[in-house]
Each structure stands twice: as structure tokens, then as C-alpha cells.
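What follows is a set of notes on a single structure, which appears directly below.
Number of protein chains: 2
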Amino acid sequence: MTTTPLNRSLEPLGVSIPSKVPTHWYNLAADLPEPVPPHLHPGTREPLGPEDLAPLFPMSLIMQEVATERYIEIPETVREIYGMWRPSPLVRAHRLERALGTPARIYYKYEGVSPVGSHKPNTAVAQAYYNALEGTTKLTTETGAGQWGASLSFAGALLGLEVEVWQVRSSFDSKPYRRIQMEAYGGICHPSPSDLTEAGRALLKSHPGTSGSLGMAISEAVEVAAQDPNTHYSLGSVLNHVMLHQTVIGQEAMVQLEEAGDAVPDIVFGCAGGGSNLAGLTFPFLGRNLREGTKTRLVACEPSACPSLTEGEYRYDFGDVAGLTPLLKMHTLGKDFVPPAIHAGGLRYHGMSPMVSHAVNLGLMDAIAVGQDEALQAGLVFARAEGIIPAPESTHAVAGAIAHARNATEPEVIVIGLSGNGQLDLPAYSQYV
Amino acid sequence: MTTTPLNRSLEPLGVSIPSKVPTHWYNLAADLPEPVPPHLHPGTREPLGPEDLAPLFPMSLIMQEVATERYIEIPETVREIYGMWRPSPLVRAHRLERALGTPARIYYKYEGVSPVGSHKPNTAVAQAYYNALEGTTKLTTETGAGQWGASLSFAGALLGLEVEVWQVRSSFDSKPYRRIQMEAYGGICHPSPSDLTEAGRALLKSHPGTSGSLGMAISEAVEVAAQDPNTHYSLGSVLNHVMLHQTVIGQEAMVQLEEAGDAVPDIVFGCAGGGSNLAGLTFPFLGRNLREGTKTRLVACEPSACPSLTEGEYRYDFGDVAGLTPLLKMHTLGKDFVPPAIHAGGLRYHGMSPMVSHAVNLGLMDAIAVGQDEALQAGLVFARAEGIIPAPESTHAVAGAIAHARNATEPEVIVIGLSGNGQLDLPAYSQYV
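Heads up: the protein sequence lines correspond to chains A and B, in order. Those letters in the first sequence? Residues 306 to 738, per my numbering, in order. Those letters in the second sequence? Residues 306 to 738, per my numbering, in order.
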């Protein structure tokens with residue numbers, strides 16, 4: 306591991322940071338009754354050592370992946386960037402309550418205020434920071450709909466890293482706004498498969514005219530990162546360190562709920578694809594449940610078209626289609642599962658974060674599956690009451706909460722994780738308006 | 306004028322409103338050394354009476370159009386809706402200052418946090434409220450790029466009004482995201498010219514295959530509003546009451562600047578099309594200049610492709626192409642001026658708000674013209690430093706401020722009006738990335 310001297314863009318500016326921006330990330334591993342099963346080497350099936358991950362990730366993130374301490378300090382430079390949009394608002398949904406005629410008190414925690422419109426920058430900034438600190442000059446990644454590629458490009462712009470993104474060709478062709486967003490931040494975006502990598506060229510030969518897949522794009526991004534010691538790879542969900550970075554969401558929500566006089570909500574709904582938004586919102590509540598015996602119920606809302614938690618097996622599986630990644634213990638539909646082309650592109654993943662999978666397996670969290678029609682209809686109800694058009698992913702949590710609130714007979718407290726806005730995914734609503 | 310009993314959606318919810326949301330709109334007319342020239346009847350060329358406007362506007366807004374009192378109280382229901390995203394952030398642009406190497410202290414007032422992504426809801430909510438209060442059940446309007454149609458649809462959803470929008474056909478066809486955004490809020494959006502109105506049918510006959518224009522769309526919206534006593538027409542800029550509603554921007558900025566220790570900025574840059582964003586930000590500063598002798602310089606930044614303030618005549622002209630509206634005293638390029646298809650669709654108007662025109666004519670404000678290339682390049686500099694991709698309209702103010710800051714030798718205080726984000730206008734950047 307090489308460490309460069311702090312360059313100017315990594316030094317804190319010394320600006321004031323809103324006091325509600327957390328000072329530490331919360332690590333659920335410290336409070337779980339049983340440890341999260343380790344990632345395994347795909348060849349030996351033995352637990353991975355740090356050196357196995359070193360070609361792709363900086364050592365700081367590798368150590369966070371296996372960390373067991375409860376709190377990990379957030380670097381000042383990262384907190385300053387968080388302070389550009391954090392704390393994100395926790396809003397009492399008075400108008401939605403009125404529209405539903407429910408006695409419940411509904412709150413939503415809104416991550417759509419970030420510069421790219423979702424929760425993804427919470428980890429993009431952290432990953433870019435640690436990489437830059439250890440001398441990485443370029444990050445590669447894959448993206449589907451483009452939220453993650455845009456978030457990493459944003460983080461790269463602020464922290465002085467080149468960012469190269471392989472975007473699934475079907476999205477690259479059909480969603481030009483996201484590509485321009487990445488490029489506006491200085492990122493480079495290629496359709497995948499591309500002729501820039503061996504993997505891409507082989508795929509173009511074996512699958513002429515293919516519209517691409519996340520699995521193919523991962524292969525290209527990993528190949529480029531592995532070839533250059535100054536280039537690393539970055540993943541936007543699934544891994545433990547990503548869950549860790551997102552816990553700023555739930556920590557803020559707990560403080561904000563306490564100020565609103567509803568410190569211990571009855572139930573929290575979050576959408577779940579790879580698991581990072583769900584974990585970020587719910588893990589701090591789950592930790593309190595485990596430490597203090599509070600009884601906040603936590604509900605993962607996944608799409609019924611890609612139901613890894615509600616219908617998948619809990620076993621070791623690969624994170625990618627090609628079977629090149631470490632083996633992760635997770636709820637999975639199988640690495641070869643191809644989800645239908647639902648609108649919530651961010652939830653189309655065959656597996657689920659090992660930490661989330663473990664928590665569900667231990668009975669610490671619940672999971673429900675929501676159909677696309679119900680989800681997007683709920684999104685419209687929300688938009689017309691609260692004025693914010695939710696991201697298609699977020700509508701799954703909205704739908705879960707609305708169904709629950711409609712049945713409520715007591716003034717129970719409901720929290721919705723609104724992971725993003727739907728500005729760049731408006732076509733998802735076109736058949737429902 | 307008929308007044309309906311308050312229906313449920315017009316009553317305040319009784320929720321807490323952030324203390325920095327202004328309680329009153331500020332009316333520059335109270336502080337101007339000479340009154341704003343009145344609007345004239347197009348037939349008689351005599352000053353308009355309230356009854357002349359009654360077929361199109363509710364009496365509350367007609368009275369605001371000619372009001373001379375300094376402060377007009379904001380209804381509680383409107384303030385509660387403002388409180389969903391207001392006060393909008395005033396941000397010190399530390400990273401931009403560093404990127405420019407300027408000794409200036411740069412702030413931006415960011416209206417892109419509103420649910421539709423710009424300042425337009427500030428007046429849409431007020432106009433929908435007064436209309437609903439006086440019994441209007443439907444609002445019609447025209448829209449070009451779609452920001453205004455989306456904002457009025459948002460306001461209609463929250464206040465229980467039907468909203469029907471005629472969108473210039475070229476935008477309707479090329480910008481489907483905005484149309485879906487309007488529809489998600491329950492608005493109805495037609496391409497213009499349409500076969501739904503006499504004006505539209507005549508235009509389709511006389512101009513077969515036309516891609517439409519704002520002037521044509523205004524004719525259709527006005528025709529429909531004039532035919533039904535329960536339907537009114539709504540305009541998103543230019544008129545005095547629109548300038549009034551937008552002054553929440555500048556009032557908040559003054560409080561926020563004082564808290565930041567820079568109570569009297571040296572210079573404020575705002576983009577100018579019809580004038581509402583510029584007026585909203587600058588009029589409160591201008592009023593203080595006039596009352597207290599402060600010397601904050603105020604600069605309107607218009608596109609060099611549509612330079613009404615810097616190259617237009619100051620005279621009475623029609624607000625629309627067909628010559629059906631009242632005559633307004635304004636800086637104008639002539640009602641038949643057809644601006645080129647620049648990316649900042651919100652700045653493509655042949656005239657300029659009479660209040661802004663009057664202030665410029667009296668020498669109380671300055672105006673500069675900025676080219677599209679310079680504007681969008683400045684937008685990219687801003688995006689890569691501050692993480693927010695500005696709306697193409699806003700980039701004109703950003704460009705003005707950046708040019709000024711680059712020449713600064715003293716730590717002067719610069720304020721930029723960032724009227725919106727560029728999420729739904731990303732293609733504007735495509736040739737610059």
C-alpha cells in the first residue's frame with residue numbers, strides 16, 4: 306500500500322459542518338448476536354485475507370470490510386462534503402397522512418437532496434477519499450441505470466480522481482441523461498460490452514449485438530482496475546463497507562425523530578436491491594433494538610420481480626455473473642438469474658448484501674415483496690400529496706408504508722426511506738400517469 | 306368575484322414552519338423613486354382597470370399587480386407549502402473559490418431544492434392558492450421547456466386545482482421527461498398548437514406541421530381560460546405579482562448572509578429571461594439600497610442570443626406574439642422576435658418584466674449579456690467544484706460571477722442566484738462534456 310502526501314483536494318477546507326452530520330459511521334457487526342459469515346476465496350473457499358482484495362481496493366476499505374468496532378470515525382474531508390447536503394431532511398408527511406385518512410404519523414427520510422439525487426454519494430465520497438489518500442489516481446466501476454456511476458463521478462470530481470464507468474449498453478443507449486450527468490462531473494462512460502477490454506471484446510464476439518448486463522460491465526471494470534496499480538475498483542452496494550458508509554442516514558433519522566418527539570418509531574420501511582439504502586437507514590435502529598431492547602420493526606421492501614430475500618436461498622454465491630468475485634453468503638436467486646426489465650433498475654440484482662441477509666436470516670428484520678404496479682401507483686399518491694416524485698426504487702418502500710398506514714388503527718409511527726427522487730427516471734411513470 | 310368556503314386542502318395544516326421562511330412578500334413598488342409605468346389596454350391604450358383582467362385572474366392577484374404597500378402577508382397555507390423546501394440553502398462556494406484562486410467570498414442561493422427543481426413553485430403555489438380561494442377550479446397555462454408547467458401542476462396537486470398546460474410542440478416532442486413530470490402531479494399536457502382550441506385549429510391550418518411557439522401556446526391557454534368562469538389563466542413570469550411572490554428568495558438570502566457575517570454583499574448576479582428569478586433575488590437588496598443607502602450592485606445576466614435588456618428598446622409592447630395581451634412597458638426585442646434555439650429555454654422571451662425594466666432604466670440595476678458557450682462552460686466549472694449541475698438558465702449568472710471573481714483583487718462578497726438544477730436539461734451540456 307502506497308500513501309501519498311495529502312494533496313490540496315484531500316485536506317479539509319476548515320468550513321463549518323452542520324452539527325447533525327454524524328461524526329462516525331455505525332458498524333452493526335459490533336452488535337450482532339452472531340458474526341456475519343466471512344467472504345470466501347472462490348478458489349480455496351477459505352475466508353479472504355486482506356491481500357486477496359488489495360488489487361482492487363485500498364487497505365482502509367478492506368479493513369472496514371472486516372471491522373468489528375461499533376463506531377468508525379468519518380474523516381473531516383468526507384464530513385465537509387457530506388455537509389453540502391447533509392443532514393438530509395426528515396419530513397413529517399402531513400399531507401400524505403391526510404390523503405390516506407390514517408391515524409399513523411408518517412415520516413420520510415429524504416436522500417434525494419444530494420447533488421445526484423440519491424443516497425449513493427454517501428459511500429462514493431468515502432470510497433473516493435480513501436482511494437485518493439492511498440495513492441489511487443483512477444477508479445473504475447460499472448453502472449446500470451446510472452445512479453452509481455454518476456455518484457462516483459461526482460465524488461471523483463471533488464476529490465481529484467479520474468472515474469471510468471462501464472454502463473450496461475441498453476441503459477447507455479436509452480438513458481442518455483445519466484451519461485451526460487457523469488460526463489458533466491468529468492467522468493468517462495463507455496457502453497458495455499466495449500472493445501476496450503479483453504472481456505468486452507470476447508463478449509462482443511460471443512454475443513454479437515448484446516445489450517449488455519451488469520455482470521458483463523463488472524468484468525470490464527474489474528479487468529481494467531486489476532491491470533494498473535494506481536487504478537482501483539469501486540462497488541456501490543452489497544459489501545460491508547458500503548453498508549457502513551450509508552449509516553449516516555439512520556443515525557441522522559434517529560436524532561431527527563427524537564427532536565420530533567417520536568424517538569422510537571414502530572416500523573421503518575426501506576427499499577432493498579443490493580441493500581445499501583436499507584442498511585443505511587435501518588442498521589442504527591437495529592443496533593439500538595439489540596443493545597437497548599427497543600422494538601422498532603424493520604422491513605425490507607424488494608420488487609416481486611427480483612425477490613432475493615423473500616424467495617431466494619441463503620447460501621454462498623458469486624457477486625457477479627461470470628463467477629470472478631469472492632463468494633458471499635447471501636440471499637440469492639442464483640448468479641445466473643436474469644431479472645425482468647422492471648423500472649426500478651437499482652433493485653435488479655440477483656443477490657443481497659451479506660449483512661442484510663444475515664440480519665434477515667437471524668429474524669432481526671422482515672422482508673416483503675412489492676409488485677411494480679403497486680409501487681409506482683404508490684409513488685403517484687406520494688407525489689400528489691407530498692410534492693416529491695420518488696425514485697422508482699423508493700416507491701417500493703412507499704408502497705409498503707402506505708399499505709401499512711391504511712390498516713393502522715392507532716397513531717403508530719412509520720418511517721419511510723425515500724432513497725432518491727425520480728427526476729431522471731420519469732419514464733418509469735409514463736404508463737401510470 | 307365569487308369566494309368559496311375554504312375547502313380542506315386550503316386550510317393550514319397547523320404544522321411548524323421553519324422560522325426563516327418569510328412571513329411577507331416584499332414589494333419593490335413601495336421604494337422606487339418613480340412608479341412602475343402601468344399596463345395599458347391594447348384597444349384604448351389607457352391604464353388597465355381591475356375589471357379588464359378579471360376574466361383571466363382572481364381579484365387577489367389583480368390587486369397585487371397594482372399594490373404599492375411595502376409588505377404583503379403570505380397566507381399561512383402558502384407558507385406551510387414553502388416550508389416543504391424553504392428556506393432554500395445559501396451556500397458558501399468554498400470549492401469554487403479554491404478552483405478559481407480568487408480572494409472573493411462567493412455564495413450561491415440555491416432554488417434547485419424545490420420539488421420541481423427551480424424557483425418557479427414560489428409563485429405557482431401562491432397563484433394556485435388565491436385562485437382556489439376565489440373559486441377557480443382549473444388553471445390553464447403555456448410552457449416551453451416545461452419548468453413552469455411542472456411547477457403549476459405541482460401546486461395544483463397540493464391545492465386541489467385541475468391544471469391544463471399547452472406545451473410548445475417542439476419541446477413536447479423532444480423533452481418527454483417534463484411532460485411525464487406534469488402528469489405525475491396530475492396535470493394535463495397538450496402539444497401546441499392543438500386541435501382543442503379555435504386558435505390552435507387555425508394555426509394548424511395556416512401553419513401545417515409547425516413546431517409551435519410560446520406565443521401560440523399562450524393563445525390556446527388564454528382562449529380556454531376566457532371561456533369558463535371557473536377557469537383562470539396563470540403566468541409564470543413578467544407580471545408584477547410574480548416578481549412579488551419570488552421575493553422570498555432575496556429576503557431569505559439577506560438573513561442568511563447576515564448570519565454568515567457578510568450582511569451587505571458587494572455584487573449579486575441573477576439570470577434574466579422574463580425576470581422573475583432575478584427580481585426575486587435582487588429586489589430585497591435593491592429596496593435596502595434605496596431605503597438605507599447600501600451599495601450592493603445588482604447584475605442581470607441575460608443570454609446574448611436574446612438580449613432584451615442590453616439591446617432591446619424600452620417601450621410599450623405586447624406580452625405575446627399575437628398581440629392579444631395588455632401592453633407592457635418593458636425592454637423588448639419586439640413581439641415578433643424569434644430567439645434562436647438556445648439551451649436555456651427559460652430565457653427565450655422577447656421582453657422583460659416591467660418592474661425589472663423600470664429598475665434598469667432608472668440605473669438601479671445593471672445588465673450584461675452572456676454567450677451560451679461561456680455560460681455552459683461556467684456551469685461545468687461550477688459542477689466540478691460544487692457538485693451541483695446548474696440549470697442552463699442559471700449558468701448565465703454563474704458565468705457572470707466567475708468572470709467577476711477571476712478579476713477580483715479584494716475579498717469582496719459575491720452572490721450567485723442559482724435558480725435551478727440541470728437534471729432535466731442535461732442534454733444542454735452534451736456538446737460541452
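Backbone N, C-alpha and C fix where the C-beta goes; we use that ideal spot for every residue, glycine too.
Closer than 8 angstroms, CB to CB, is Ile-367 (chain A) near chain B or not?
-> For Ile-367 (chain A), the answer is no, since every Cβ of chain B falls outside 8 angstroms of its Cβ.
Test: Gly-692 (chain A) CB closer than 8 angstroms to a CB of chain B | So, interface residue.
Do His-663 (chain A) and Gly-639 (chain A) have their CB atoms nearer than 8 angstroms?
-> Between His-663 (chain A) and Gly-639 (chain A), the gap from beta carbon to beta carbon reaches 8 angstroms or more.
Determine, using beta carbons only, whether Pro-732 (chain A) comes closer than 8 angstroms to chain B.
-> Yes, contact with chain B.
For Arg-384 (chain B), decide whether its Cβ has a neighbour in chain A, counting only Cβ atoms nearer than 8 angstroms.
-> Taking Cβ atoms only, chain A never reaches closer than 8 angstroms to Arg-384 (chain B), which makes this a no.
Can you pull the chain B residues whose beta carbon is under 9 angstroms from the beta carbon of Ala-398 (chain A), in chain order?
-> Chain B residues near Ala-398 (chain A): none, gap ~10 angstroms exceeds 9 angstroms.
Straight-line CA distance for Thr-307 (chain A) to Val-341 (chain A)?
-> Interpretation of Thr-307 (chain A) is limited by its pLDDT of 44, a score under 50 that renders its predicted location unreliable; the figure taken from the coordinates is listed afterwards. Separation of Thr-307 (chain A) and Val-341 (chain A) (C-alpha to C-alpha, rounded to the nearest whole angstrom) is 30 angstroms.
Does the Cβ-Cβ distance between Gly-668 (chain B) and Pro-695 (chain B) come in under 8 angstroms?
-> Taking 8 angstroms as the Cβ cut-off, Gly-668 (chain B) and Pro-695 (chain B) do not qualify as a contacting pair.
State yes or no: is the C-beta of Met-635 (chain B) within less than 8 angstroms of the C-beta of Ser-581 (chain B)?
-> One thing to note: Met-635 (chain B) has its Cβ no nearer than 8 angstroms to the Cβ of Ser-581 (chain B).
Any chain A beta carbon closer than 8 angstroms to Gln-556 (chain B) | Nearest CB-CB separation between Gln-556 (chain B) and chain A: not below the 8 angstroms threshold.
Is the shortest distance between the beta-carbon of Tyr-490 (chain A) and the beta-carbons of chain B less than 8 angstroms?
-> A Cβ of chain B is located within less than 8 angstroms of the beta carbon of Tyr-490 (chain A).
Let me know the beta strand (DSSP E) ranges lying completely inside the stretch 593-634 of chain A, each 3 residues or longer, listed in chain order.
-> Those beta strand (DSSP E) runs which fall completely within the stretch 593-634 of chain A and span 3+ residues are 602-608 and 618-623.
Which residues, in chain order, does the stretch 703-727 of chain A contribute to contact with chain B at a C-beta distance below 7 angstroms?
-> Near chain B, meaning a CB-to-CB distance below 7 angstroms, no residue of the stretch 703-727 of chain A qualifies.
May I ask which residues mark the beginning and end of the beta strand (DSSP E) holding Val-473 (chain A)?
-> Val-473 (chain A): member of the beta strand (DSSP E) spanning 467-473, first to last residue.
Do the stretch 575-589 of chain B and the stretch 419-429 of chain B meet, that is, are 3 or more Cβ pairs less than 8 angstroms apart?
-> Judged by Cβ distances under 8 angstroms, the stretch 575-589 of chain B makes contact with the stretch 419-429 of chain B, as three or more pairs qualify.
Residues that DSSP places opposite Ile-673 (chain A) in a beta bridge = Ile-673 (chain A) is bridged to A:Cys-606.
Quick one: using the 10 Å Cβ neighbour count with 16 as the cut-off for buried, is Glu-378 (chain B) buried or exposed?
-> Exposed, because fewer than 16 other Cβ atoms sit within 10 Å of the Cβ of Glu-378 (chain B).
How would you write the range of the beta strand (DSSP E) that Glu-402 (chain A) sits in, first residue to last?
-> Unbroken run through Glu-402 (chain A) is the alpha helix (DSSP H), 399-405; no beta strand (DSSP E).
What span of residues does the beta strand (DSSP E) with Ser-735 (chain A) cover, start to end?
-> DSSP places Ser-735 (chain A) outside any beta strand (DSSP E), giving it a letter other than H or E.
The beta strand (DSSP E) spanning Leu-444 (chain A) covers which residue range?
-> It spans 443-448 - the beta strand (DSSP E) in which Leu-444 (chain A) sits, taken as one unbroken run.
Three-state secondary structure assigned by DSSP to Trp-330 (chain B) = DSSP, read as helix, strand or coil, puts Trp-330 (chain B) in strand.
Considering Thr-428 (chain B), what are the terminal residues of the alpha helix (DSSP H) in which it resides?
-> Segment 426-438, the alpha helix (DSSP H) holding Thr-428 (chain B).
What are the boundary residues of the beta strand (DSSP E) that Pro-496 (chain B) is part of?
-> Here the beta strand (DSSP E) through Pro-496 (chain B) covers 493-497.
Option in B:Thr-587, B:Gly-592 and B:Thr-714 with minimal Cα separation from Ser-724 (chain B) = Answer by Cα proximity: B:Thr-587.
Would you call Asp-622 (chain A) buried or exposed, if buried means 16 or more other Cβ atoms sit within 10 Å of its Cβ?
-> Classification of Asp-622 (chain A): buried, given that the 10 Å Cβ count is 16 or more.
Using a beta-carbon distance below 8 angstroms, is Pro-420 (chain A) in contact with chain B?
-> Residue contact check for Pro-420 (chain A) against chain B: a CB pair falls below 8 angstroms.
Where Pro-352 (chain A) falls: helix, strand or coil (DSSP) = Under the three-state reduction of DSSP output, Pro-352 (chain A) falls in the strand class.
Can you pull the DSSP bridge partners for Arg-725 (chain A)?
-> A small correction: the amino acid at residue 725 (chain A) is Gly; Arg does not occupy that position in the sequence shown. Residue pairing by DSSP places Gly-725 (chain A) opposite A:Ser-423 in a beta bridge.
Under 7 angstroms Cβ-Cβ, which residues of chain B neighbour Ile-379 (chain A)?
-> Among the residues of chain B, none has a CB under 7 angstroms from the CB of Ile-379 (chain A); the nearest is roughly 18 angstroms distant.
Pull up the distance between the alpha-carbon of Gln-736 (chain A) and that of Gly-651 (chain A), whole angstroms please.
-> Each residue's alpha carbon lies about 19 angstroms from the other.
With a cut-off of 8 angstroms, do at least 3 Cβ pairs link the stretch 704-722 of chain B to the stretch 435-444 of chain A?
-> Per the Cβ contact rule, the stretch 704-722 of chain B is not in contact with the stretch 435-444 of chain A (fewer than 3 Cβ pairs under 8 angstroms).
Consider the Cβ of Ile-485 (chain A): report whether some Cβ of chain B lies at a distance smaller than 8 angstroms.
-> Answer yes: the Cβ-Cβ gap between Ile-485 (chain A) and chain B drops below 8 angstroms somewhere.
Buried or exposed: Gly-641 (chain A), going by 16 or more other Cβ atoms within 10 Å of its Cβ?
-> Correcting the residue identity first, residue 641 (chain A) is Asp in this sequence and not Gly. Asp-641 (chain A) should be labelled exposed.
Report all residues from its chain with a CB closer than 6 angstroms to the CB of Ala-683 (chain B); omit the five preceding and five following residues, and keep chain order.
-> Scanning its chain for C-beta atoms nearer than 6 angstroms, with the 5 sequence neighbours on each side dropped, one finds around Ala-683 (chain B) the residues Thr-700, Val-703, Ala-704 and Ile-707, in chain order.
Grab me the residues of Ala-690 (chain A)'s own chain with a C-beta within less than 6 angstroms of its C-beta, minus the 5 sequence neighbours each way, in chain order.
-> Excluding residues up to 5 positions away in sequence, Arg-400, Leu-401 and Ala-404 lie with their Cβ nearer than 6 angstroms to the Cβ of Ala-690 (chain A) in the same chain.
What does Arg-689 (chain B) touch in chain A if you count any residue whose Cβ is under 7 angstroms from its own?
-> Result: Ala-462, Tyr-490 and Gly-491.
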